[in-house]
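Trainee: Per my numbering, the sequence shown starts with residue 116, numbered consecutively. Note that beta-carbon positions come from the ideal geometry of N, C-alpha and C, so glycine has one too. Below is the structure I would like to discuss, written out as structure tokens.
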Amino acid sequence: MPIIRLTVDSQGLQCIERLGGGSVESSTPRSDSTAYVVEPAEWFSDVHVEFKLGRARLRVPAKGFYIWDTPHPPPLHQCLVDPAYDPPSSRLTTIQTRTCTGITFFISSTGSLSGIHAHTSIRPSAQETFESLPRRQQNAVMWVYVPIRDEIAAFGISQPRSKAARASVVSQTQHVRLRLGGDVFVGPYHCKQPQRFLLTEQPLALIYEKLEYIPVSFIGIHSACHKAEQISLAPPFHASPPFEKAYFSSAPLGDVASIRIFNDREAQACRGIVIQYVNGSQRALGQCRVGIDRDRIVMGPRRFCFASFTFGRSYSGEQLCAAKVESSTTHHEHDGTDWACNELRGVLRFWFKNRQTKLEVSYMLTINRCCVISTVVAENDWGCHHSLHRACPPRLRAPRVSTSPSIRELTSLHASADEPTESERFCTGRADENIVELVSVVMPFRPMLRQRPAS
Numbered sequence: 116m117p118i119i120r121l122t123v124d125s126q127g128l129q130c131i132e133r134l135g136g137g138s139v140e141s142s143t144p145r146s147d148s149t150a151y152v153v154e155p156a157e158w159f160s161d162v163h164v165e166f167k168l169g170r171a172r173l174r175v176p177a178k179g180f181y182i183w184d185t186p187h188p189p190p191l192h193q194c195l196v197d198p199a200y201d202p203p204s205s206r207l208t209t210i211q212t213r214t215c216t217g218i219t220f221f222i223s224s225t226g227s228l229s230g231i232h233a234h235t236s237i238r239p240s241a242q243e244t245f246e247s248l249p250r251r252q253q254n255a256v257m258w259v260y261v262p263i264r265d266e267i268a269a270f271g272i273s274q275p276r277s278k279a280a281r282a283s284v285v286s287q288t289q290h291v292r293l294r295l296g297g298d299v300f301v302g303p304y305h306c307k308q309p310q311r312f313l314l315t316e317q318p319l320a321l322i323y324e325k326l327e328y329i330p331v332s333f334i335g336i337h338s339a340c341h342k343a344e345q346i347s348l349a350p351p352f353h354a355s356p357p358f359e360k361a362y363f364s365s366a367p368l369g370d371v372a373s374i375r376i377f378n379d380r381e382a383q384a385c386r387g388i389v390i391q392y393v394n395g396s397q398r399a400l401g402q403c404r405v406g407i408d409r410d411r412i413v414m415g416p417r418r419f420c421f422a423s424f425t426f427g428r429s430y431s432g433e434q435l436c437a438a439k440v441e442s443s444t445t446h447h448e449h450d451g452t453d454w455a456c457n458e459l460r461g462v463l464r465f466w467f468k469n470r471q472t473k474l475e476v477s478y479m480l481t482i483n484r485c486c487v488i489s490t491v492v493a494e495n496d497w498g499c500h501h502s503l504h505r506a507c508p509p510r511l512r513a514p515r516v517s518t519s520p521s522i523r524e525l526t527s528l529h530a531s532a533d534e535p536t537e538s539e540r541f542c543t544g545r546a547d548e549n550i551v552e553l554v555s556v557v558m559p560f561r562p563m564l565r566q567r568p569a570s
């Protein structure tokens with residue numbers, strides 16, 4: 116079937132082409148300065164072109180067209196499309212998963228998605244995308260970076276529980292499943308009940324729309340397998356947030372190959388961390404503003420150290436806290452007593468909001484055959500302290516754990532934690548025989564273990 120392609124730039128209609136039918140390659144470059152309409156020729160039967168003052172203008176039918184950022188868009192009928200999408204109301208933007216090295220999500224204070232930047236060799240920094248946001252949003256958004264060192268095995272979009280809920284949804288939660296790195300969630304997460312996702316494997320292109328002053332919404336996924344499944348994931352385990360409207364991220368500290376620390380240029384406080392593991396996967400915590408903040412990479416680290424400090428109060432009177440982070444390859448000492456110096460084991464938890472940060476390291480101990488959680492926190496006024504609580508009765512055996520990827524691969528979370536939850540705890544069980552199973556359920560497991568098999 117013949118295809119008509121219209122190319123539009125800031126000066127108007129630039130080109131009209133008639134193409135033959137055929138499949139579309141998903142690796143086609145995209146453009147931020149040019150828009151494209153690619154539809155069957157029959158769709159243009161009632162379209163008129165007006166020429167005036169050296170410019171061409173289209174008179175389009177009431178049903179409109181899909182407007183893309185690429186001259187060869189994926190066939191929409193083969194994409195997973197959000198049923199709530201009302202086409203065509205805006206320009207559709209694509210992210211080519213096989214050419215990007217990471218994705219930065221700009222999250223607003225309400226948890227909605229204000230912008231997206233796909234990091235590539237041509238556009239390694241998200242600064243330009245950030246500057247395109249309205250000034251009001253620039254002052255409030257969080258930078259949530261998802262490094263892609265291996266491959267996006269699947270991509271999911273959160274689903275409302277009912278039609279009534281769909282009408283009121285203003286934000287989505289994205290589920291990124293990495294082949295080696297496991298699962299990452301970006302966006303608000305309901306802490307008291309399972310959340311449903313529409314998950315698509317082998318994504319080639321992610322499709323989203325962006326309207327001015329309206330949250331970004333993913334509406335489609337072009338996949339190599341053209342198959343999607345509904346999954347339901349249990350709420351993650353994490354403690355109550357240390358400050359209001361905090362965001363949460365976590366990563367295991369075992370099998371670490373390098374640690375990349377991002378520091379604020381003004382306050383020298385840590386804004387974010389990227390951990391690379393020996394299997395090549397990466398995990399980001401906090402706000403990693405790639406190409407913006409100063410960063411330092413420590414290869415082959417043996418220790419992870421952090422210290423908290425305060426830097427004033429908010430308009431509401433809340434004490435603002437931040438953290439300094441260091442890592443080294445040898446044993447060392449710090450000036451002062453406010454540093455928490457840890458071996459690379461357990462799980463690092465990183466709370467953040469704007470310039471506020473709060474870090475803690477938790478790991479398991481076995482005391483009298485009982486699994487106990489030890490948490491290391493650096494407090495600015497009291498130095499470093501440890502807290503212990505028993506995680507399971509000593510005489511109960513742990514139930515066998517499901518081997519589904521949704522449980523095994525829960526390795527990280529970026530979640531809006533407006534609603535406090537119960538204290539973090541492990542399911543009941545004996546640590547001597549089931550310690551690995553317990554870590555798999557509650558903590559992010561080490562990326563070297565139980566890698567998801569290739570599809």
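Alpha carbon to alpha carbon, how far is W183 from S332? Give it in angstroms, no decimals.
Mentor: As a position in the sequence shown, residue 332 is number 217, starting the count at 1. As a position in the sequence shown, residue 183 is number 68, starting the count at 1. Rounded to the nearest angstrom, the two C-alpha atoms are 15 Å apart.
Trainee: For the candidate residues T472, S423, L195 and Q434, whose alpha-carbon lies nearest to that of E344?
Mentor: By one-based count along the sequence shown, residue 344 stands at place 229. Checked all of T472, S423, L195 and Q434; the closest Cα to E344 is L195.
Trainee: Out of S273, P318, E324 and M116, which one is the CA nearest neighbour of V604?
Mentor: Outside the shown range of the chain (116 to 570) lies residue 604, about which nothing can therefore be said.
Trainee: In angstroms, rounded to a whole number, what distance separates the CA positions of I322 and G335?
Mentor: Indexing the sequence shown from 1 puts residue 322 at position 207. Indexing the sequence shown from 1 puts residue 335 at position 220. Straight-line Cα distance between these residues: approximately 5 Å.
Trainee: Which same chain residues end up closer than 8 Å to L248 when comparing Cβ atoms and leaving out the 5 residues on each side of it in sequence?
Mentor: The count along the sequence shown starts at 1 and reaches residue 248 at position 133. Cβ within range, chain order: F221, S229, G230 and V256.
Trainee: Output the distance between the C-alpha atoms of D147 and I218, rounded to the nearest integer angstrom.
Mentor: Your numbering for residue 147 matches position 32 in the sequence shown. Your numbering for residue 218 matches position 103 in the sequence shown. If I take the Cα positions, the gap works out to 16 Å.
Trainee: Check each candidate in A233, G135 and V389 and name the one with the smallest Cα separation from H187.
Mentor: Against the sequence shown, residue 187 aligns to sequence position 72. Among A233, G135 and V389, the Cα nearest to that of H187 is on G135.
Trainee: Could you check where the alpha helix (DSSP H) with F245 kicks off and where it finishes?
Mentor: One-based indexing of the sequence shown puts residue 245 at position 130. Its alpha helix (DSSP H) spans residues Q242 to E246.
Trainee: Please go through the same chain and pick out, in chain order, the residues whose beta-carbon is closer than 8 Å to the beta-carbon of R380, but skip the five residues on each side of it.
Mentor: The residue given as residue 380 occupies position 265 in the sequence shown. Contacts found: D408 and R409.
Trainee: Quick check: what's the CA-CA separation for V373 versus A241?
Mentor: Residue 373 sits at position 258 when you count from the first residue of the sequence shown. Residue 241 sits at position 126 when you count from the first residue of the sequence shown. Note on residue identity: the sequence assigns Ser, not Val, to residue 373. Using only the alpha carbons, I get a separation of about 23 Å.
Trainee: Extract the residue ranges of the alpha helix (DSSP H) inside the stretch 213-271, only unbroken runs of 4 or more that lie entirely within it.
Mentor: 242-246 and 250-253
Trainee: Can you tell which of Q287, W258, G271 and E324 has its C-alpha closest to the C-alpha of D298?
Mentor: The residue given as residue 298 occupies position 183 in the sequence shown. Here the closest residue by C-alpha is G271.
Trainee: Considering only C-alpha positions, which residue in the set D450, G127 and C340 is nearest to V152?
Mentor: Taking the sequence shown and counting its residues from 1, the one referred to as residue 152 is at position 37. Closest option to V152, Cα to Cα, is G127.
Trainee: So which of A150, L314 and R145 has the shortest CA-CA distance to L121?
Mentor: For the purposes of this step, residue 121 is taken as the residue at position 6 of the sequence shown. Distances from the alpha-carbon of L121 to those of A150, L314 and R145 put A150 closest.
Trainee: Can you list, in chain order, the residues of its chain with a C-beta nearer than 7 Å to that of A233? Leave out the 5 residues immediately preceding and following it.
Mentor: For the purposes of this step, residue 233 is identified with residue 118 of the sequence shown, where counting begins at 1. So the list reads I210, C215 and I218, once near-sequence residues are dropped.
Trainee: Can you grab the Cα-Cα spacing for the pair Q402 / V371, in whole Å?
Mentor: Mapped onto the sequence shown, residue 402 falls at position 287. Mapped onto the sequence shown, residue 371 falls at position 256. Inter-residue distance for Q402 and V371 is about 20 Å (C-alpha atoms, whole angstroms).
Trainee: Give the DSSP-derived three-state secondary structure of Q211 in the structure shown.
Mentor: Within the sequence shown, residue 211 is the residue found at index 96, counting from 1. When secondary structure is reduced to three states using DSSP, Q211 falls in the strand class.
Trainee: Check for me: the beta strand (DSSP E) holding K325 runs from which residue to which?
Mentor: Taking the first residue of the sequence shown as position 1, residue 325 is located at position 210. No beta strand (DSSP E) holds K325; DSSP gives it neither H nor E.
Trainee: DSSP three-state call for A382: helix, strand or coil?
Mentor: Position 267 of the sequence shown, counted from the start, is the residue given in the question as residue 382. It is coil, neither helix nor strand.
Trainee: When we look at the beta-carbon of R133 and count the other beta-carbons within 10 Å, is it buried (16 or more) or exposed?
Mentor: Taking the first residue of the sequence shown as position 1, residue 133 is located at position 18. The C-beta of R133 has fewer than 16 other C-beta atoms within 10 Å across all chains shown, which makes the residue exposed.
Trainee: When we look at the beta-carbon of W192 and count the other beta-carbons within 10 Å, is it buried (16 or more) or exposed?
Mentor: Residue 192 sits at position 77 when you count from the first residue of the sequence shown. Trp is not the amino acid found at residue 192; the sequence shown has His there. Answer is exposed; the Cβ neighbour count stays below 16.
Trainee: Quick check: the stretch 417-434 against the stretch 287-294, are at least 3 beta-carbon pairs closer than 8 Å?
Mentor: Contact fails: fewer than three Cβ-Cβ distances are below 8 Å.
Trainee: Along the chain, which unbroken stretches of the beta strand (DSSP E) at least 3 residues long are found entirely within the stretch 367-426?
Mentor: Those beta strand (DSSP E) runs which fall completely within the stretch 367-426 and span 3+ residues are 371-378, 385-392, 397-401 and 409-414.
Trainee: Taking the beta carbon of Q383 as the centre, do at least 16 other beta carbons fall within 10 Å, making it buried, or is it exposed?
Mentor: The residue labelled residue 383 in the question sits at position 268 within the sequence shown. By the 10 Å Cβ count, Q383 comes out exposed.
Trainee: Here's the rule I'm using: 16 or more other beta-carbon atoms within 10 Å means buried, otherwise exposed. How should T185 be labelled?
Mentor: For the purposes of this step, residue 185 is taken as residue 70 along the sequence shown, with counting starting at 1. Using a 10 angstroms sphere on the CB of T185, the tally of other CB atoms reaches 16 or more, which defines it as buried.
Trainee: Looking at C-alpha atoms only, which residue of V413, A269 and L326 is the closest neighbour of E316?
Mentor: Here residue 316 refers to the residue found at position 201 of the sequence shown. Checking every option, the nearest Cα to that of E316 belongs to A269.
Trainee: What does a CB cutoff of less than 8 Å around I118 pick up in its chain, not counting 5 residues either side in sequence?
Mentor: Counting from one through the sequence shown, the residue named residue 118 turns up at place 3. Within the same chain, I118 has close Cβ partners R133, L134, G135, G136, V153, E154, P155 and A156.
Trainee: DSSP beta-bridge partners for A437?
Mentor: Locating residue 437 in the sequence shown gives position 322, where the first residue counts as 1. Paired residues: F424.
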